[in-house]
Structures are given as C-alpha cells and as structure tokens.
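Q: Before I ask anything, here is the structure I am working with.
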Amino acid sequence: MKLRAYSNYYDVSDVISYPLKERMFYINYQAVALFNENDTSVSSSFLPVLNNLTNLLRSSKNSSLELIGNAGLSESMKNPVELSLARANSVKRILVSNGVNPSQIKIKGIGNSNPLFMEENDERTSCMNRRVEIRWLLPSVYPYTIVVDTVESEELAEKKVENWEKNGFKSYYVRLYDNGAVKYKVVLWGYPDIEKAERDARIISRKYKKACIVE
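This is the structure in structure tokens:
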C-alpha cells in the first residue's frame, strides 16, 4: 500500500506491506491532509491538494468519496474517535465551501484504530498517523468490503483468509489497533456498491453465523 501526502512543507510518503502472499487487491485510500497534535484545523499548506480534489468532484458530479479521519497514538484527547471525526469534518467544510455538493461527501472518524506506524518515534511517523484519507466510492474500484472476523494474531488471520477464499470469496486482512492491543481484521472485498455488499453480508451472516459489518 503506497500512501503519500503533499504540501508546500511536506512530502511524506511510505509503503505499507501486508503479508498477503500472491493475492491481488486494490486499496483505495489516499491521504489529503495531515494535522498537528490534538488539532483539527487544516493547514494552508494542504489547500492546493484540496483545491485539486474540489476540481475533480465538481467536474464529475456522479463521483463521491468518503473522508476518513484518523488520530495519532500519542494524542492526549480523551476521545480519539471524536478528534478524528472533527478532522474529517474540517476537510469536508473546505470542499463544500469551494463548491462541492455535500451529497458527494461522506465522513467517518475511526480514532487511532488504523495507525500507519505502531511506534511514533518522531514527528514524521506521528504526523502520518494524524491524517484524513479519502476513499473513492466508485464501482470500478470495488470500494465496499464486509468485515467477517477480528482475531488476535496474524497467523490466525491468514488462516481465516485462506478459509474464506476456499469458500469462493475474495479476502484479505489488515492490522488494527484496539484499546492498546494489535488485532487483525479479516474482510471480504470486491463489492462495487453498498447494496450488493449489504445483501451478501446478510447471506453470509445467516449461512456462517457471523456478525458482518459493511464498510
């Protein structure tokens, strides 16, 4: 997974490697803003990025995206989900003020559950965790997934993925951070729209006795 954020002052990039053997799947995320610690204001250095995003959305009225706010591991705010949601809202306000139709934008805050770096050893790693990402909700990139398992170890996650693939699904796993513990989320992918994802989630829930979550 390649992630890069540009600004007049930042050019921060990294590659996140997931041990997925030879599986192929598309990760549809891109960071558009980084934040100071415990702050929700968007630095002017990221406005060129958001202006480009504005132009893309205004020129393609049928396109939509989701803004996903993230909080850092070391931030002192009591509620990282609220902080991350406020960051996503800050980006949305700029896009809407630039003329983007609000109906083209969804927002979500996920706290510090998805850090790019599990150890924030310097400002670069801390800053990359304090971000807002976009996820394009385009059928062509199969944006929707179904969460089917959350497990304690990477080995168990790999076995779960193999089992789901044996049953005919496309699957992978991602690392997440949950109340100070590292866990692994197993998801099914390949859904072009939320209706199909929700329909399959209901079928999977009944057939496999799973609590499924569509994302």
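Sequential numbering from 826 applies to the sequence shown in the numbering used here. The beta-carbon is built from N, C-alpha and C at its ideal position, and this holds for glycine as well.
What's the gap between the Cα of I1038 and the Cα of N876?
A: Roughly 33 Å separates the two Cα atoms.
Q: Given S899, which residues of its chain have a CB within under 8 Å of its CB, disregarding the five upstream and five downstream residues?
A: Answer for S899: E862, E945 and S951, listed in chain order.
Q: Tell whether a beta-carbon distance below 8 Å holds between I893 and K933.
A: In this structure, K933 lies closer than 8 Å to I893 by Cβ.
Q: Within 8 Å of any Cβ in chain D, is that where the Cβ of N861 sits?
A: Structure shown: chain D not included; a single protein chain is present.
Q: Apply the 10 Å Cβ neighbour rule to K1010 and answer buried if 16 or more other Cβ atoms are within range, or exposed otherwise.
A: Buried is the call here.
Q: Counting only runs that start and end within the region 985–1032, where is the beta strand (DSSP E) found for 3 or more residues in a row?
A: Counting whole runs of 3 or more residues, the region 985–1032 contains the beta strand (DSSP E) stretches 995–1003 and 1006–1016.
Q: Is K1032 buried or exposed, if buried means 16 or more other CB atoms sit within 10 Å of its CB?
A: Counting Cβ neighbours within 10 Å, K1032 comes out exposed, since fewer than 16 surround it.
Q: Quick one: Cα of V921 to Cα of V957, how far?
A: Straight-line Cα distance between these residues: approximately 16 Å.
Q: Between which two residues does the alpha helix (DSSP H) carrying K917 extend?
A: P905 to S922 is the extent of the alpha helix (DSSP H) around K917.
Q: Using the Cα positions of T879 and D1025, report the straight-line distance between them to the nearest angstrom.
A: Spanning the two alpha carbons is a distance of roughly 33 Å.
Q: Rounded to whole angstroms, how far is the Cβ of L1013 from the Cβ of V966, which I believe are closer than 8 Å?
A: Rounded, the Cβ-Cβ distance is 16 Å, inconsistent with contact.
Q: How many angstroms separate the CA atom of G936 from the CA atom of L910?
A: Each residue's alpha carbon lies about 8 Å from the other.
Q: Which of the three DSSP states is assigned to R1041 in this structure?
A: There is simply no residue 1041 to check, as the chain begins at 826 and stops at 1040 in what is shown.
Q: Quick check on DSSP: helix, strand or coil for A1036?
A: In this structure, A1036 counts as coil in the three-state DSSP scheme.
Q: Output the distance between the C-alpha atoms of S978 and V867, rounded to the nearest integer angstrom.
A: Distance between the alpha carbons of S978 and V867: 36 Å.
Q: Is the beta carbon of K1008 less than 8 Å from the beta carbon of L1001?
A: Yes, these two residues count as a Cβ contact at 8 Å.
Q: On the DSSP letters alone, give me the boundaries of the alpha helix (DSSP H) that L882 sits inside.
A: Note, L882: alpha helix (DSSP H), L872 to S884.
Q: So is P905 buried or exposed if we call it buried at 16+ other beta carbons inside 10 Å?
A: When all chains shown are included, P905 counts as buried.
Q: Can you give the Cα-Cα distance for S870 and S884, rounded to whole angstroms?
A: Distance between the alpha carbons of S870 and S884: 23 Å.
Q: Name the two residues that bound the continuous beta strand (DSSP E) containing T865.
A: Segment: none, T865 is in no beta strand (DSSP E) and carries neither H nor E.
Q: Please classify R918 as buried or exposed, where buried requires at least 16 neighbouring CB atoms within 10 angstroms.
A: Its Cβ having fewer than 16 others within 10 Å, R918 is exposed.
Q: Can you name, in chain order, every residue of its own chain whose Cβ lies under 6 Å from the Cβ of S938, other than the five neighbours on each side?
A: Around S938: L1001 and Y1002.
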